[in-house]
Structures are given as structure tokens and as C-alpha cells.
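Contents: one structure, followed by commentary.
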């Protein structure tokens, strides 16, 4: 069992942080890599990119939004409980290199994934501006951490309750207009990554995105996570999860993420009904 | 004697009872239900006890077939299972999934004039008897040698290596990337052909003998081979399987509803998605299912789809029945269960709707031309024979290539141009010192028993190395 040693709720309880004992993975994991977690015997294998690792303490941290039954089961695990299985580190690590001016754009729980990458890009000597966004102020996560990980943090909310009133892409455009930007890293909901990539393409700025398609094994065995990159099929689990944002077929990815939508919704609501009845 | 032998060849083989096709086509219970003791003894008495048995020569792990069959005939089941274990750590598996017709049974003298002795059925009976009624007493084990071996991959070849080396007194740890040991035996072969409780029991038998099994350990990622040596292992065996699904590279291949057989079967078998929503992993349920390919994996996929409630399941294959790579028995079982064969048919593209879901595929009729490199007649498209086939689920079972996850992380272990590990002769030695390999990662996708045979040879070579040197 992989024990939970810390648990936090964010975004009005819709986003959960779990710090988990996994010493072998913590020792090996690099920014950008993911793990697969399975709560119990009947559980589903869920891929999540790590938000943080502590090799000394032997722990990894994941931050996820509760969207279906599996993440609802995760949410109900308390400190001292554990995941039956955690597998990793999987996927390729982020290529961290000094290129100059970098913009890191994060939305939703993508901000958590963006955190170690932002910090890594700053550590190798880049000038990093970070833009994070949420629908409203209460849904923002790890703002302080992102501030520390970057040189300059900009916050956006769709409803104007905090920071810039509008989308992350508005702020990104302003910075791109200043010139000199060498790299954009965008991690968040697929429509956000698509919008960012469309803009950076106009500015001809290299863009990296991290994809989270449906997976089973995470080791290249099943091909469930196939994505189209530059017209070619790639497996996000072993060829990614990071890809050139200008080459990704986002529309296909969005459709494929809906493969089990009906099953997920039914399964999740049944789970909640049963749990609430208790 | 001759008269007696002639009589035996005329005695019909004792058929193993099985579930009726129309019933089993909608459940996941095992198809053949097993011999009774009486049936097993009757079948065992058909064996001629040849002095130079062809069956043993046909077995990749050289099971003493006349030996264990004679012990069944005598009713000494404890001695029979001991005899089997001497050569085979996974008899309950082999009795069920080996292609006996082209190995032991294919070389049985009784089979020349009549039906061969049912070696597979008897092996299965013997293992099942031990599991259900046995004493649980373990086979003898040599004194500890103090040598440590890491086995990478808990599939059939890795488990064979573990079983062979543990009885020779070595310390064995098996590393498995999935959350359960068994490899293709748990993720690939369906419950109705090989119940997962039986695989778990076979692994448990190894654990009771002292084999340690570490799941969730992706060697190449969680730990590297060099780190295993740093941890004090004296030898490493790589048996990671093939594990990279091939697709057809046709337009529309990423529509929802097109899955590799690896994904479909892993969902159904390892994740037990056939029990959904009792378990959390979903599996697409097709009304009209097409399976591309005609090997055993294709048959397993088709029969799984039928059990999950499909209206129709079609096997689409570009060659003819004669070239189908699946075992005859599997094709027969599939057809009995209502699966249709669309032979000499080749898909050219997939069709989907605005939601990105598969709705059908376009196919061409084929005819057989001159033999190709494989010696099989090459299928050639018939001009103007395009037609549409409706389907909402397509399972691609056209083979597996080698998965580079471990091998790309181990640069000093040489690979051939297909990414398979190069090994020396019949020892399983790789170009990296102290590392052996076997099974599908060396040969490309093959059978459970060939992987076990490779494991046996490597285990012998590892034992020689640990006692004599590289």
C-alpha cells in the first residue's frame, strides 16, 4: 500500500492534493513525468502527472480534480489510508534548457503539473513569467507556490473576481507583443492548450503542451492514449506526455477524451448516491 | 504387445466435457469443465508408454509425459504432480493453452492411426487435482547458494526462470510492471480459457517456494538493470514480452471504438471490465464488432466481444482459412459460438461520425496469388470489389512489436533491427554481462510454451554461470 501522509482540499473541495509515500518513484521522478494510481482491487488505473516529489522524504504529490468515480474514490481516502497501486515514474521528463524568456501558462489542475516544470525552467536560468487562470478566485490553486517558482506571476479569472478579468491568453498576448519570448509551456484543459497554441503559432514561438489522454497501462502496451502529432500517431504514455503544441490534433484529443463519458457519468452518480445514503 | 497397442489406437479419446456453445457464448466461465478421476485414468490408459517417446521431444520444456501419465493411470496423483513440476512450474496453464496438436500430441504414436493421447487434458487434470485435493507439499529444494537473481517480467518465461532457479537454491525476485503477476496469462488470455484464480495459484506456488514478486516495478523506469546489479543481484533475466501493439495505419484509425487487442483484452482480463460496473474500468460494448486478424489473440478478442453481448462479431482476415494462424480448436470454438469469418477481406479505411465514433469500415475482397516471403500465398486485391461493413467496435489484433521501454534504457544490450534482444545460441545470454533474455522480447510474439522453453534454457545457463562463471 502507498500511504497518504498529507491531504488538502482546494477549489471548494473540487480539487484534492495527496502526498503519498512512494520512495522508489520519488527518487527517480523528474518534472513532467506521471504515475498511474489505482485505489483498490476493483479500481481503475488513473494516470496523473506529479505536482511535486520529495526524494528525501520519499513522497510524491498529486493534485487532481474530482471528475468521475475513480477520482471520487481517491477523494474519499483519508490521511493514513493508501492507494493499493502506484506505478512510475512514467513518460518522458521535460527537456529543461536555458533559452531566455519563457512563459508558463496554466489552467485548472494543469497548474499543479506546471509547477515543477516552471521551477525547473527557472533553475536552469530562464526568465520565467507564469500566467495562471481559473473561472473564479476560489478555484485558483497553488498561487503562492507558482509565485515562488517563477520571476513574475500573473493571475486571471474569467469573472474578474481576482487579478486580470479575462482569459490567460489575453495576458499571454500582451507579453508576446513585448517580443523576445523563446518558449511557451501550456498545461491545462485541452481548449486552453489549443487556444494558446493557435496564438503562439502566429507569433512563431515554440510551444510545449502536456497531454493527459485515456490510458490503461502507461508503458506503451495498449495504445489507448494515441494522439495525432503532426499527422502521425504517437502514444502519449511513452512518446510524451509533452508534445510540440503546434503539431497536436486537439479536436481529435477532445473527442477521444469523451470515449467513456456516459459510463463515467453514470458510474460517478451511482457512487455518490450510494455514499451519500450511508 | 502389438495387439494391445492396436487396440489402444482404436479406443476413442476421452473427450473433456465443455459448456454448450450457446450458453458459454454469453458467460465468462471456463469452456472445458475438466476430467473426472475416472475419465483421466481411462484416458491415461491409452498411452503406449513408448521407450522413445515422440511427445517428450515435441515439448519445449521436455515434460516426462509418459511418466506422469503412467502415474495418473496408477492413481498416484501426488507422484504425478511431482513428476510434472520437475519440468514445468506452470502445468495448470500449459494444460490449457499450449498448442498440443503441433507439439506433444502432434508426435504421439497413438495419433498416427487414431486420436492422440490427450496430453494437455491430462496435464490440466493433474494440476487441477493438486490444487483441489493435493497435499500442498512443496517439491524439494537445494541448499541456499547465496546468489541473487532478478527476473524482469512475471509472464510465462520469467515465472519459468524463477521456478527453475528457486529449486536450485538461488534467491529469486521477480519484477512486474503491472499491479498483478502473470503477464499475458493475466492481461491477455481471457478468463474463459484460463481462469485468473488458476494463474494466481501457480504464482502462489512459486511464492510458497520462496520466489519474491515485486509488482508495480517498471524496470527501465522505477529501477534500471544497472541499479539492480548495484543492489547486489548476480544475474538478471529479461522476459518483458512483446508489448507494443501494431495498428493497420489506415485513415480514421483514431476514431473512438477502435482498440488494439492489447487494450481490449487488458481491460477485460486484467481490469476485469467484463464485470463493469462492479469494477471501475469500463470497456466499450459493441453491437456490430469487427476483429482484424486471425491469430489466437483475434479469437480471444472476438469471443470476449460475443460474451459482452454483441449482436454480431466478425473476424476480418485478408488471407484464407488455411493461412489463419490461430489454433484449430480456437477457430472451432469461435465458430461454434456464432462468430463469422470474413476471409479474403481487407479493410482500407474506417468511417466515423461527427462525435469521432466509429460507424463502419470500407473493405476490399482479396484473392490468393503467388506465394510470398512467408511461403503463404499472397493476398491480392480484386479490383472494384469495394464494399462497406457496418461496425461500432473494431479490435485490431494484427500482432505486436517489441516494446522499447526497457531496451532503450539498456543501451549495452544489443538489439536486432526489429528491436528484439539478441541472444547467444540456446543460452539466452545477451551482449550485456550477467543479463539473459527470452520469450517474446527475443523471438517476437509467439506462444506461452515457447517463452517457457526459452526460460528453461536461460535458467540452465544462469545456473551454470552462477556455479561455474560467464
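Chains as they are written, first to last, in our numbering: chain P, 55 to 332; chain B, 913 to 1382. The beta-carbon is built from N, C-alpha and C at its ideal position, and this holds for glycine as well.
Proximal residues of chain P, C-beta to C-beta of residue 1201/B below 7 angstroms: The contacting residues do not exist; residue 1201/B stays about 16 angstroms from chain P at best.
Starting from residue 1191/B, find everything on chain P with Cβ-Cβ shorter than 9 angstroms and list it in chain order. 95, 96, 97 and 98
Starting from the Cα of residue 1187/B, find the closest Cα among 96/P, 133/P and 197/P and give me that residue. 96/P
List the residues of chain P that residue 1135/B touches, going by C-beta distances under 9 angstroms, in chain order. 78 and 82
Residues from the segment 298–315 of chain P in contact with chain B, defined by Cβ distance under 7 angstroms: 306, 309, 310, 313 and 314
Please determine, among 988/B, 1213/B, 979/B and 1234/B, the residue with the shortest C-alpha to C-alpha distance to residue 998/B. Ranking the options by Cα distance to residue 998/B, first place goes to 979/B.
Less than 7 angstroms between the beta carbons of residue 1121/B and residue 1168/B, yes or no? no
Taking residue 1168/B as the query, report the chain P residues whose CB atoms sit under 7 angstroms from its CB, ordered along the chain. 309, 310 and 313
Spatial distance of residue 88/P from residue 1033/B (CA atoms): 45 angstroms
Given residue 1035/B, which residues of its chain have a CB within under 7 angstroms of its CB, disregarding the five upstream and five downstream residues? 996, 1003, 1006 and 1007
At a CB distance below 8 angstroms, what residues from the segment 115–144 of chain P approach chain B? Give them in sequence order. Cβ contacts with chain B: 123, 124, 127, 138, 139, 140, 141, 142, 143 and 144.
Could you name each continuous alpha helix (DSSP H) segment of 4 residues or more that falls completely within the segment 1201–1271 of chain B, going from the start of the chain to the end? 1208–1219 and 1240–1248
Going by C-alpha to C-alpha distance, which of 1310/B, 1119/B, 1258/B and 1253/B sits closest to residue 1295/B? 1258/B
For residue 1017/B, three-class secondary structure by DSSP: helix
In whole angstroms, give me the CA-to-CA distance for residue 201/P and residue 157/P. 13 angstroms
Using a Cβ-Cβ cutoff of 8 angstroms, what residues of the segment 1080–1097 of chain B are near chain P? List them in chain order. Listed by position along the chain: 1089, 1090 and 1091.
Chain-ordered neighbours of residue 317/P on chain B, where CB pairs are closer than 7 angstroms: 1194
Could you tell me which residues DSSP puts in a beta bridge with residue 187/P? 161/P and 210/P
Whole-Å CB distance - residue 287/P paired with residue 1165/B, under 8 angstroms assumed: 7 angstroms
In chain P, which residues lie less than 7 angstroms from residue 1208/B when you measure between Cβ atoms? Result: empty, since nearest Cβ-Cβ is about 18 angstroms, beyond 7 angstroms.
On a Cα-Cα basis, can you pick out the residue from 66/P, 325/P and 332/P that is closest to residue 191/P? 66/P
Straight-line gap, residue 1333/B to residue 128/P (C-alpha atoms, nearest Å): 40 angstroms
The segment 272–283 of chain P: which residues have C-beta closer than 9 angstroms to a C-beta of chain B, in chain order? Contact annotation: in the segment 272–283 of chain P, residues whose CB is within less than 9 angstroms of a CB in chain B are 272, 273, 274, 275, 276, 277, 278, 280, 281 and 282.
Straight-line Cα distance separating residue 1080/B from residue 863/B: Outside the modelled stretch of chain B, which goes from 913 to 1382, sits residue 863/B, for which no answer is possible.
Which parts of the segment 971–1012 of chain B are runs of the alpha helix (DSSP H), unbroken and 4 residues or longer, counting only runs that do not cross its ends? Counting whole runs of 4 or more residues, the segment 971–1012 of chain B contains the alpha helix (DSSP H) stretches 977–986, 989–997 and 1003–1009.
Going along the segment 921–945 of chain B in order, which residues come within less than 8 angstroms of chain P, judged by CB to CB distance? none
Taking the alpha-carbon positions, what's the residue 212/P to residue 162/P distance? 12 angstroms
Check residue 221/P in the structure and name its three-state DSSP category. coil
Do residue 139/P and residue 1128/B have their C-beta atoms within less than 7 angstroms of each other? yes
Exposure label - residue 321/P; buried when at least 16 CB within 10 Å: buried
Are residue 1388/B and residue 1073/B close, meaning C-beta to C-beta below 7 angstroms? Nothing can be reported for residue 1388/B: it is not among the residues displayed for chain B, which extend from 913 to 1382.
Does DSSP classify residue 927/B as helix, strand or coil? Looking at residue 927/B - three-state DSSP - the assignment turns out to be coil, as it is neither helix nor strand.
Pick out whichever of 1368/B, 1279/B and 1287/B has its Cα sitting closest to the Cα of residue 1348/B. 1368/B
Using a C-beta to C-beta distance shorter than 9 angstroms, which residues of chain B count as neighbours of residue 330/P? None at all; the shortest Cβ gap to chain B is about 17 angstroms.
Against chain P, which members of the segment 1245–1275 of chain B pass a CB distance test of less than 7 angstroms? 1267 and 1268
Proximal residues of chain B, C-beta to C-beta of residue 103/P below 9 angstroms: Those do not exist, as residue 103/P stays about 14 angstroms from chain B at its closest Cβ, beyond 9 angstroms.
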